[in-house]
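J.: Sending over a structure as structure tokens; questions will come in a sec.
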Amino acid sequence: MVLADLGNQLSSALRSLNETTIVNEDTINQLLKEVGNALSKSDVSMSLIIQMRKNIKEKVKLDQMAAGLNKRKIIKQVVFDELIRLLDPGVPLWKPTKGKSNVVMFVGLQGAGKTTSVTKLAYFYKKKGFSTAIVCADTFRAGAFDQVRHNAAKAKIHYYGSETEKDPVVVARTGVDIFKKDGTEIIIVDTSGRHKQDSELFEEMKQIETAVKPDNCIFVMDSSIGQAAYEQATAFRSSVKVGSIIITKMDGNSMGGGAISAVAATNTPIIFIGTGEHLTDLELFDPSTFVSKLLG
Ligand code: GDP
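Remember, our numbering sits 917 above the position in the sequence shown when you count from 1.
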């Protein structure tokens, strides 16, 4: 089910509250069933749905509500808040500091949209007045450095990479050192995603993390991976200190549930969403705006 369908189903579940003559436990159970079904069809994991239902039940105590209270309004607000909570781990967002070098490391599987997002983020900070550079530490994928070179040149952003050095740790360290020396404020390190999660990939990420000591590590995830999101996000989170998430391809037929699962698996905030292939297709993520839009 695509994100728009999830929004429609959730809205319709909430609307049906208005159509009942009395609001009782049965009404709430029916609503929770419909909300749960909608989330489940969008690949939100069952355990999250069960927890959400429990939270709502605990917050909506019909027998303790004074007569005259607008029960429907209260119930809707509780559901709205719980949907936001699924996407908001309550952790402050990482922000770079002006006037010092901030190292940002990108991790994620090949094809997730890492390299595209690296340039988008560099461009975002450049527009905000930060001096910015990209280091291509993906020595695994043929053409990775060319892609960075091409994207960075188009966005007029400094970059570093090597055509001869095959050790990604050496490339990452060298690039970061060069840009630190000249006082670059945002240094973004793109890493290899290989083809799949494997121990070599995670070992390489750990070594790069140790070498460049990132101020923030961003996990990039394709929004359309559905049920695999929870497990994938957990695997990356347990290898490196993931501090933020970027969910890509939100312009496509994404289920949305993957995003929710990634937040839950890592207790890490989504900072941006990718909404296309172009340089400016990157939007700041705000859970409350996202849920409001979802519900129309
Ligand atoms: P990497 O292997 O993780 O570095 O992935 P890439 O950055 O090379 O992206 C893989 C493909 O996804 C490319 O064709 C990108 O143009 C595309 N892509 C990345 N982000 C987005 C996005 O937000 N929306 C869409 N529609 N495509 C994207």
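Built from N, CA and C at the ideal position, the CB exists for glycine as well.
Because the structure is a prediction, the values reported are computed rather than measured.
#1: On the CB-based measure, 16 or more other CB atoms within 10 Å of its CB, does GLN994 come out buried or exposed?
#2: Note the first and the last residue of the continuous alpha helix (DSSP H) segment covering THR1197.
#3: Could you compute how far the alpha carbon of ASP1198 sits from the alpha carbon of MET963?
#4: State the start and end residues of the unbroken beta strand (DSSP E) segment that holds VAL1180.
#5: Against chain D, with Cβ distances strictly below 8 Å, would PHE1207 count as a contact?
#6: Would you check if the distance between the CB atom of MET1122 and the CB atom of VAL1157 is smaller than 8 Å?
#7: Per DSSP, what kind of secondary structure is MET1167 in: helix, strand or coil?
#8: Hey, is GLN1149 close to the ligand GDP, as in C-beta under 7 Å from one of its heavy atoms?
#9: Under 8 Å by Cβ, that's how I've got GLU1102 and SER1018 pegged, so tell me the actual separation to the nearest angstrom.
#10: Please go through the segment 1001 to 1056 and give each complete alpha helix (DSSP H) segment of 4 or more residues, from N-terminal end onward.
#11: Going along the chain, which unbroken runs of the beta strand (DSSP E) with 3 or more residues stay wholly within the segment 1077 to 1134?
#12: So, do the segment 964 to 984 and the segment 1008 to 1018 have three or more beta carbon pairs nearer to each other than 8 Å?
#13: ILE1104: buried (16+ other C-beta within 10 angstroms of its C-beta) or exposed?
#14: Using the DSSP secondary-structure output, state which residues sit across from ILE1190 in a beta bridge.
#15: Does the contact criterion of 3 or more C-beta pairs under 8 Å hold for the segment 1089 to 1098 versus the segment 1032 to 1043?
#16: Would you say VAL1021 touches the ligand GDP, meaning its beta carbon is less than 7 Å from a heavy atom?
#17: Beta carbon of LEU1004, beta carbon of VAL1159: below 8 Å?
#18: Do you know offhand how far GLY1078's Cα is from LYS1130's?
#19: Compute the Euclidean distance between the alpha carbons of GLY1169 and ASP998, then round it to the nearest angstrom.
#20: Starting from GLY953, trace the alpha helix (DSSP H) both ways and give me its first and last residue.
#21: Less than 7 Å between the CB of GLU1200 and some heavy atom of the ligand GDP, yes or no?
#22: If I measure Cβ to Cβ from GLY1100 and keep anything under 8 Å in the same chain, skipping five residues before and after, which residues do I get?
#23: Can you tell me which residues form a DSSP beta bridge with VAL1137?
#24: Apply the 10 Å Cβ neighbour rule to ARG932 and answer buried if 16 or more other Cβ atoms are within range, or exposed otherwise.
#25: Threshold first: 4 residues or longer. Then list the alpha helix (DSSP H) segments lying entirely within the segment 967 to 1005, N to C.
#26: Quick one, which of ILE1135, GLN1149 and VAL1106 has its alpha-carbon nearest SER1141's?
#27: Please confirm whether SER1034 and ILE1163 have their CB atoms less than 8 Å apart.
T.: Walking through what the data contain:
#1: It counts as exposed.
#2: Neither: THR1197 is in no alpha helix (DSSP H) and is coded neither H nor E.
#3: The C-alpha of MET963 is placed about 32 Å away from the C-alpha of ASP1198.
#4: Per DSSP, VAL1180 belongs to no beta strand (DSSP E); it is in the alpha helix (DSSP H), 1174 to 1183.
#5: In the structure shown, chain D cannot be found, because there is only a single protein chain.
#6: In this structure, MET1122 places its C-beta atom within 8 Å of the C-beta atom of VAL1157.
#7: In the structure shown, MET1167 sits in coil (DSSP, three-state: anything other than H, G, I, E or B).
#8: Result no, Cβ not under 7 Å from the ligand GDP.
#9: The Cβ separation is near 6 Å, so the contact holds.
#10: Here the runs fully enclosed are 1031 to 1044.
#11: Every unbroken stretch of the beta strand (DSSP E) spanning 3 or more residues and falling wholly within the segment 1077 to 1134 is given here in chain order: 1103 to 1108.
#12: No, because fewer than three Cβ pairs between the segment 964 to 984 and the segment 1008 to 1018 fall closer than 8 Å, the two stretches do not touch.
#13: By the Cβ-count criterion, ILE1104 is buried, with 16 or more other Cβ atoms from all chains shown falling within 10 Å of its own Cβ.
#14: BP columns for ILE1190 point to ILE1164 and GLU1200.
#15: Touching, no, given that fewer than three Cβ pairs across the two stretches are closer than 8 Å.
#16: No, the ligand GDP has no heavy atom inside 7 Å of this Cβ.
#17: The answer is no: Cβ separation not under 8 Å.
#18: Their Cα atoms are separated by approximately 18 Å.
#19: One C-alpha to the other measures close to 26 Å.
#20: Residues 942 to 958.
#21: When distances are taken from the beta-carbon of GLU1200 to the heavy atoms of the ligand GDP, even the shortest one reaches 7 Å or more.
#22: If we look at GLY1100 and ignore the five residues flanking it on each side, its Cβ neighbours are SER1018 and SER1048.
#23: VAL1137 is bridged by DSSP to ILE1163.
#24: It is exposed - the Cβ of ARG932 has fewer than 16 other Cβ atoms within 10 Å.
#25: Qualifying alpha helix (DSSP H) stretches, in chain order: 988 to 1004.
#26: Nearest of ILE1135, GLN1149 and VAL1106 to SER1141, Cα basis: GLN1149.
#27: Yes, the pair counts as a contact, with Cβ atoms nearer than the cut-off.
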